[in-house]
Every structure is written in C-alpha cells, then in structure tokens.
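First residue of the sequence shown: 5, per this note's numbering; consecutive thereafter. The beta-carbon is built from N, C-alpha and C at its ideal position, and this holds for glycine as well. Take a look at the structure set out below.
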Amino acid sequence: MFDGQFRSQAETQLRPIGSRLRDAGITADHLTVLGVVMSAFAAIAIANGALRLALLLLALCAVPDVLDGAVAKASGTASPRGAFFDSVMDRIADSFLFGGMAWYLSSTPGAGRIAVLPLAVLALSLITSYERAKADALGFDARGGLMER
Numbered sequence: 005m006f007d008g009q010f011r012s013q014a015e016t017q018l019r020p021i022g023s024r025l026r027d028a029g030i031t032a033d034h035l036t037v038l039g040v041v042m043s044a045f046a047a048i049a050i051a052n053g054a055l056r057l058a059l060l061l062l063a064l065c066a067v068p069d070v071l072d073g074a075v076a077k078a079s080g081t082a083s084p085r086g087a088f089f090d091s092v093m094d095r096i097a098d099s100f101l102f103g104g105m106a107w108y109l110s111s112t113p114g115a116g117r118i119a120v121l122p123l124a125v126l127a128l129s130l131i132t133s134y135e136r137a138k139a140d141a142l143g144f145d146a147r148g149g150l151m152e153r
C-alpha cells in the first residue's frame with residue numbers, strides 16, 4: 005500500500021539530503037549502524053523504565069534508517085549487499101527493542117504472562133520478513149500491504 009503510493013515521492017524529497025550527507029563523508033553503512041546503536045540505547049531505556057527517553061530515542065532511530073538509502077543512492081553504492089545489510093540490521097534493531105519491552109514487562113509487578121507479548125510480536129515480525137524474502141527468492145512479488153517491509 006505505502007510502497008507504490010509514497011516511495012518515489014519520499015525518495016525525491018530525500019535525494020538532496022542524501023547528497024549532502026555523502027559530501028560530508030557519511031556512508032549508508034554508517035547510518036545503518038548508527039540506527040542499530042540508537043535502537044540498543046532505546047531498548048536499554050525501555051528495559052529500565054525510562055519510557056519518555058525511550059520514545060525520544062525511538063523517534064530519533066527512524067532518521068538514520070530513512071536516510072541510509074538516500075545516501076547509498078547519492079553515492080552510487082546502492083547494492084544488493086547494502087540492502088541485505090540494512091535488512092539484517094533492521095531485524096537486529098527490532099530484536100533489541102522487543103527484548104527491551106519484554107525485560108521491562110517481566111520486571112513490572114503484576115505484569116505476569118504479558119511479558120511474553122513483545123516476543124510474540126517479534127516472532128511475527130521476523131516471519132513477515134522471512135515471508136517477503138522467501139517470496140522474492142521464489143520469484144513472487146511480495147511488496148505492498150499496510151505494514152510493508
């Protein structure tokens with residue numbers, strides 16, 4: 005759903021930012037790793053109950069994740085390796101965040117079994133990524149959907 009409607013417009017708007025970051029010597033991989041590191045800090049904040057800080061960090065995590073592709077395109081380094089690296093790092097970031105949520109809930113008095121919920125959501129998230137990758141490998145077009153990956 006969002007892929008077809010918004011991707012090209014967003015890429016056009018991000019192109020000048022990607023060029024400026026490239027000119028500053030920042031690579032797409034730098035941004036990808038920065039996003040994962042920020043996600044780890046957000047997960048630690050969640051696990052420790054600093055939920056306002058975690059929300060701020062989560063919002064900030066989106067910035068390098070959005071810009072890494074623009075930098076790759078601006079620098080001419082967009083490649084299947086980069087797409088693979090970005091996808092794997094996104095799943096690691098997801099794992100950190102859902103792990104932080106599970107930790108927080110497991111240490112919250114009275115939370116009980118609800119602490120397992122973030123891990124169930126993580127599992128479904130990973131299945132969605134696997135489904136897309138497997139469909140692509142088999143020659144199917146699995147793009148689209150409301151929660152596209």
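Close Cβ partners of I96 (< 6 Å) along its chain, the five nearest in sequence each way excluded: Its chain contains V40 as the residues whose beta carbon lies nearer than 6 Å to that of I96, once the 5 sequence neighbours on both sides are disregarded; these appear in chain order.
Count the other C-beta atoms from every protein chain shown that fall within 10 angstroms of the C-beta of A127, then say buried if there are 16 or more, exposed otherwise. Counting every other CB atom within 10 Å of its CB across the protein chains shown gives A127 a total below 16, marking it as exposed.
Residue range of the alpha helix (DSSP H) that includes T132: Per DSSP, T132 belongs to the alpha helix (DSSP H) from L121 to A141.
Just verifying my parser: in three-state terms, what is the DSSP assignment at S99? Of the three classes helix, strand and coil, the one that applies to S99 here is helix, per DSSP.
Please work out which residues of its chain come closer than 8 Å, Cβ to Cβ, to A49, disregarding the five sequence neighbours upstream and downstream, and give them in chain order. These residues qualify, in order along the chain: L55, L57, A58, L61 and G104.
For R19, which residues in the same chain have their Cβ closer than 8 Å to its Cβ, ignoring the five residues on either side in sequence? So the list reads A74, K77 and A78, once near-sequence residues are dropped.
On a CA-only basis, which of A141, F100 and D72 is nearest R26? Give me that one, please. Closest in C-alpha terms to R26, from the list A141, F100 and D72, comes D72.
Quick one: measure Cβ to Cβ for S43 and L101, integer angstroms, because I've assumed they're closer than 8 Å. Yes, S43 and L101 are in contact; Cβ-Cβ is about 6 Å, under 8 Å.
Alpha-carbon to alpha-carbon, S111 and L150: Because L150 carries a pLDDT of 48, less than 50, the predicted location of this residue cannot be relied on, and no value is offered for it.
In the structure shown, what three-state DSSP assignment does G22 receive? In this structure, G22 counts as helix in the three-state DSSP scheme.
At the level of alpha carbons, what is the spacing between P84 and P122? About 30 Å.
Within the same chain, show all residues whose beta-carbon is closer than 7 Å to that of L107, passing over the 5 residues directly before and after it, in chain order. Looking at the sequence itself, residue 107 is Trp, so the reference to Leu does not match. Here the set comprises A51.
So, using beta-carbon positions, are T16 and P68 closer together than 8 Å? No, Cβ-Cβ distance for T16 and P68 is not below 8 Å.
Nearest-angstrom Cα separation, counted from F10 out to S133: In this structure, the CA atom of S133 is about 20 Å from the CA atom of F10.
Looking at C-alpha atoms only, which residue of F89, Q13, V120 and E135 is the closest neighbour of T31? Among F89, Q13, V120 and E135, the Cα nearest to that of T31 is on F89.
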